[in-house]
Amino acid sequence: MGIIFSMAVEVISWLGAHESLASFLGKTTRGKSLLKQTLSFPDRFDQFCRSEYWNRTWITQEVALAQRATMMARDAEALRENIPLLSREFLLSNSVYLDAEKLNS
Numbered sequence: 001m002g003i004i005f006s007m008a009v010e011v012i013s014w015l016g017a018h019e020s021l022a023s024f025l026g027k028t029t030r031g032k033s034l035l036k037q038t039l040s041f042p043d044r045f046d047q048f049c050r051s052e053y054w055n056r057t058w059i060t061q062e063v064a065l066a067q068r069a070t071m072m073a074r075d076a077e078a079l080r081e082n083i084p085l086l087s088r089e090f091l092l093s094n095s096v097y098l099d100a101e102k103l104n105s
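Numbering of the sequence shown is given in this note's numbering, commencing with residue 1 and proceeding in unit increments.
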């Protein structure tokens, strides 16, 4: 599957119609530093990380390996690179750990 995902020009991830997720995604494009965004909106970032979207096993590969990934909720969108801890490097380096953690819970 990794080969298929890496050939994708773009992945568009629909996170749902939750207002707080849309608000978080909307704020990621306004030019603040990524660390400041996360610290300013920890509850929204936490909700983003706990979204049901991430419960599917293949999602990490899909989002990390695509050449471009766009996250969407309601009418808001943000590129993968604009979201803290969602860079390709972070996702790929932590995917084995994250999968093992899910198995143990």
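Just so it is clear, CB atoms sit at the ideal spot from N, CA and C, and this is done for glycine as well.
Looking at the structure shown, is residue i part of a helix, part of a strand, or coil, going by DSSP?
i: Thr70; result: strand
i: Ile12; result: strand
Among residues of its own chain, excluding the 5 on either side of residue i, which ones have a beta-carbon nearer than 6 Å to its beta-carbon?
i: Glu106; result: Outside the modelled stretch of the chain, which goes from 1 to 105, sits residue 106, for which no answer is possible.
i: Ile83; result: Thr28
So, for residue i: in the same chain, excluding its five sequence neighbours on each side, which residues have a beta-carbon less than 7 Å away from its beta-carbon?
i: Ala100; result: With a pLDDT of 41 at Ala100, under the threshold of 50, the predicted position of this residue should be treated as unreliable, though the coordinate-derived value follows. Nothing meets the Cβ criterion.
i: Ile59; result: Tyr53
Where DSSP assigns a beta bridge to residue i, which residues make up the other side?
i: Ser20; result: According to DSSP, which records beta bridges pairwise, Ser20 is partnered with nothing at all.
Measure the C-alpha to C-alpha separation of residue i and residue j and round it to an integer number of angstroms.
i: Asn55; j: Met7; result: 23 Å
i: Arg68; j: Ile3; result: 15 Å
i: Glu81; j: Thr70; result: 9 Å
i: Gly16; j: Ser51; result: 9 Å
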